[in-house]
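2 protein chains.
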Amino acid sequence: MDVLSERRFPIGKLKLLATSRSAGKQVKFNNEILTIEETKPDSFQGVDIALFAGGSASKEFAQDAVKAGAIVIDNSNNFRMDPSVPLVVPEVNPEDVKWHNGIIANPNCSTIQMAVVLKPLHDAAGISRVVVSTYQAVSGAGAEAIEELREQSRDILAGKEANPQVFPHQIAFNVIPHLDVFLENDYTKEEMKMVNETKKILGDDTVAVTATTVRAPVVNGHSEAINVQLKNELLPDDARKLLAKSPGILVIDTPKNNEYPLPVAANGRDEVFVGRIRRDETVEFGLNLWVVADNLRKGAATNAVQIAELLTKGML
Amino acid sequence: MDVLSERRFPIGKLKLLATSRSAGKQVKFNNEILTIEETKPDSFQGVDIALFAGGSASKEFAQDAVKAGAIVIDNSNNFRMDPSVPLVVPEVNPEDVKWHNGIIANPNCSTIQMAVVLKPLHDAAGISRVVVSTYQAVSGAGAEAIEELREQSRDILAGKEANPQVFPHQIAFNVIPHLDVFLENDYTKEEMKMVNETKKILGDDTVAVTATTVRAPVVNGHSEAINVQLKNELLPDDARKLLAKSPGILVIDTPKNNEYPLPVAANGRDEVFVGRIRRDETVEFGLNLWVVADNLRKGAATNAVQIAELLTKGML
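Here is the structure:
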């Protein structure tokens, strides 16, 4: 709702839907007081665009919304790899919204910020392989996760034991190499999202990605150490220039002044921040990059609203 | 001193040397009270093994110690890449202590834990390339750094601003892709230590390493996401078995039980912990690993005392 308001998204009427638990609550939007309603199969009559957040919501109601004539933009993992559903990062593959069949999927947060940066590099020099390690904020796991980090930090500073509830282990003053569930191949689902969604967004199955995703005791803002093997030469200076003029990207890369992207600085921003751009001498054409973004904004809400903006432009 | 005591290192007399600031202070070792003396050029008469910590100490006094007949084990960066000085991780290249000329260098903390794990893989299948991203604890930057993390965490939890003194930016609830100074090639000195020291310890200049080193708000215990390209096939199960029987390594790799190495669990331990071992399908023979160790112990004190143990064995 903040992003819709800030970007002055053209809204005739905003309808807020949630579970029965939240129904009846009042929320301010711009200068209006809106009341949350319980989501029901017939809630979507007259709705043009339905923004879904949360995995169970779209599983239960996305088809109802589509039947009622709404276009669903879904932030969950339910439809992302469905071949009949476009997976869209507006800076990367905006044209993919055109072939939707009622549902457009919003990618995984850590994938979005990586795809925004990989796209110009791929167009310029061809990406053959990516090795990525993430430093992911707790906000991606919800409000209770933020509270858990704060509470555990307080407890440990006071000499008490941590009491993990949301995360499988202590998250305060620790890092945990485990997001989402483990799969048959011993990768986590989060890691395989980065592998598979990146190919779909870039529209190129030959882009090989291997990932290690790690939760860090950061409140908000995901960071990624990305190693890229290219097919053709792209020098760091040229990569810097190319990325600086690419949509949605801010290059912060002045090491001598200690200037590089930081999660606390990306918090509350809509751009993807890139720095520490340097040549990887261990392969013919290699680059190392450090990429940071606000996972709740560009990694979720902002990207979803940008998709909605593409739709309104198409409707005009 | 804790490590010397715990490992029952054979000591005739322990002499404690420091700057004039600490001289006169009394410290307990086993059941004895020892008085710290100011280091002077003639302090090393009768000393067999001199353990140096801190960069300025060995720059000023290492040669005096050598002249007095002591063998210096130096934890600083001063002599590590000197071709006349062995750089030793006892699990990896113990035989290198033999060719010392009075000084033996203790490698960088993040390099030690990686080398312990790479060595058996290199012997079994040949390593061609390593991409490593680190998650490094603040303890590596000293006691003031630990206090800074605690104080900043308290301040931020209380709604105050962070006040960075030791680190270039806020470290609490943040990650900083910057350890040590930046070099001409835009890598940090810490990153190039991992590149160059690894080759020297493994005794193989063909092992190509590229690194991104990152400070995380962890009190103690460095973590590393390591991607390894091998020359020959080594399946994850075989790597697990191989590493489990290799010296100094504990394999913790049962994802279905949420068991993998964690810095809070490695804190206070001397082993190098390895988990998240899985095949990297993006190259012919690739592995991903997650490696954690206590950077003050295996990354510094324990490794230095292990080198001293090699010397005492040689002296017997």
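These protein sequence lines are chains A and B, in that order. By UniProt numbering, the letter at position 33 of the first sequence is numbered 33, and the numbering carries on one by one without gaps. By UniProt numbering, the letter at position 107 of the second sequence is numbered 107, and the numbering carries on one by one without gaps. Every residue gets a Cβ at the ideal spot worked out from N, C-alpha and C, and that includes glycine.
Any C-beta of chain B sitting closer than 8 Å to the C-beta of residue i?
i	result
residue 173 of chain A	yes
residue 349 of chain A	Past the edges of chain A, shown from 1 to 316, lies residue 349 of chain A, and the structure says nothing about it.
residue 133 of chain A	yes
residue 176 of chain A	yes
residue 170 of chain A	yes
residue 212 of chain A	yes
Taking buried to mean at least 16 other C-beta atoms within 10 Å of its own C-beta, is residue i buried or exposed?
i	result
residue 111 of chain B	buried
residue 99 of chain A	exposed
residue 113 of chain A	buried
residue 33 of chain A	exposed
residue 387 of chain B	Outside the shown range of chain B, which is 1 to 316, sits residue 387 of chain B, and nothing can be said about it.
residue 106 of chain A	buried
residue 65 of chain B	buried
residue 293 of chain A	buried
residue 215 of chain A	buried
residue 244 of chain B	exposed
residue 190 of chain B	buried
residue 30 of chain A	exposed
residue 108 of chain A	buried
residue 70 of chain B	buried
residue 143 of chain B	exposed
residue 253 of chain A	buried
Of all the CB atoms in chain A, is at least one closer than 8 Å to the CB of residue i?
i	result
residue 225 of chain B	yes
residue 317 of chain B	Absent from the model: residue 317 of chain B. The displayed extent of chain B is 1 to 316, so no value can be given.
residue 396 of chain B	Because residue 396 of chain B is not part of the residues shown, which for chain B are 1 to 316, the question remains open.
residue 111 of chain B	no
residue 288 of chain B	yes
Would you check whether the ligand COA has a heavy atom nearer than 7 Å to the C-beta of residue i?
i	result
residue 250 of chain A	Judged by which ligands are present, the structure shown has none, so any question about the ligand COA falls away.
Give a yes or no on whether 8 Å exceeds the smallest Cβ distance from residue i to chain D.
i	result
residue 208 of chain B	The displayed structure is made up of protein chains A and B, and chain D is not among them.
Which chain B residues are close to residue i, counting only those with a beta carbon under 8 Å from its beta carbon?
i	result
residue 240 of chain A	The contacting residues do not exist; residue 240 of chain A stays about 10 Å from chain B at best.
residue 129 of chain A	282, 283
residue 182 of chain A	255, 256
Would you kindly work out how many angstroms separate the C-alpha atoms of residue i and residue j, rounded to a whole number?
i	j	result
residue 194 of chain B	residue 211 of chain B	7 Å
residue 128 of chain B	residue 228 of chain B	8 Å
residue 134 of chain A	residue 213 of chain A	5 Å
residue 187 of chain B	residue 202 of chain A	29 Å
residue 26 of chain A	residue 4 of chain A	18 Å
residue 22 of chain A	residue 40 of chain A	13 Å
residue 47 of chain A	residue 76 of chain A	20 Å
residue 96 of chain A	residue 208 of chain B	40 Å
residue 164 of chain A	residue 147 of chain A	11 Å
residue 118 of chain A	residue 8 of chain A	29 Å
residue 316 of chain A	residue 299 of chain A	Reliability of the predicted coordinates at residue 316 of chain A is poor, the pLDDT of 43 falling under 50, and the value obtained from them is presented with this limitation in mind. Near 27 Å, if we compare the C-alpha coordinates of residue 299 of chain A and residue 316 of chain A.
residue 35 of chain B	residue 12 of chain B	16 Å
residue 255 of chain B	residue 226 of chain B	17 Å
residue 1 of chain B	residue 265 of chain B	22 Å
Mind pulling the chain B residues with CB within less than 7 Å of residue i?
i	result
residue 228 of chain A	Result: empty, since nearest Cβ-Cβ is about 10 Å, beyond 7 Å.
Who are the near neighbours of residue i in its chain, counting only those whose CB is closer than 7 Å to its CB and skipping five residues on each side?
i	result
residue 162 of chain B	152, 155, 156, 170, 172
residue 149 of chain B	138, 171, 172, 217, 219
residue 267 of chain A	220, 221, 294
residue 63 of chain A	none
residue 177 of chain A	212, 214
How would you list, in chain order, the residues of chain B whose beta-carbon sits under 9 Å from the beta-carbon of residue i?
i	result
residue 185 of chain A	278, 279, 281
residue 262 of chain A	169, 170, 174, 175, 176, 177
residue 198 of chain A	Chain B residues near residue 198 of chain A: none, gap ~12 Å exceeds 9 Å.
Excluding the 5 residues preceding and the 5 following residue i in the sequence, name in chain order all residues of the same chain whose CB lies nearer than 6 Å to its CB.
i	result
residue 200 of chain A	87
residue 205 of chain B	199
residue 43 of chain A	17
residue 45 of chain B	68
residue 276 of chain B	260, 290
residue 345 of chain B	Look at the range of chain B in this structure, 1 to 316, and you will see that residue 345 of chain B is not part of it.
residue 79 of chain B	85, 103, 105
residue 38 of chain A	20, 23
residue 297 of chain A	270
Against residue i, what residues of chain A qualify as contacts under a CB-to-CB distance less than 7 Å, listed in chain order?
i	result
residue 122 of chain B	Residues of chain A passing the Cβ test: none, with the nearest at roughly 15 Å.
residue 154 of chain B	157
residue 150 of chain B	157
Just the chain A side, please: which residues come within less than 8 Å of residue i by C-beta, in chain order?
i	result
residue 215 of chain B	By Cβ distance, chain A contributes nothing, its closest Cβ being about 11 Å from residue 215 of chain B, past 8 Å.
residue 139 of chain B	What residue 139 of chain B touches in chain A: nothing, since even the nearest Cβ is about 11 Å away.
residue 219 of chain B	173
If you drop the 5 nearest sequence neighbours on each side, which residues of the same chain put their C-beta closer than 8 Å to that of residue i?
i	result
residue 231 of chain A	125, 126, 127, 128, 285
residue 235 of chain B	279
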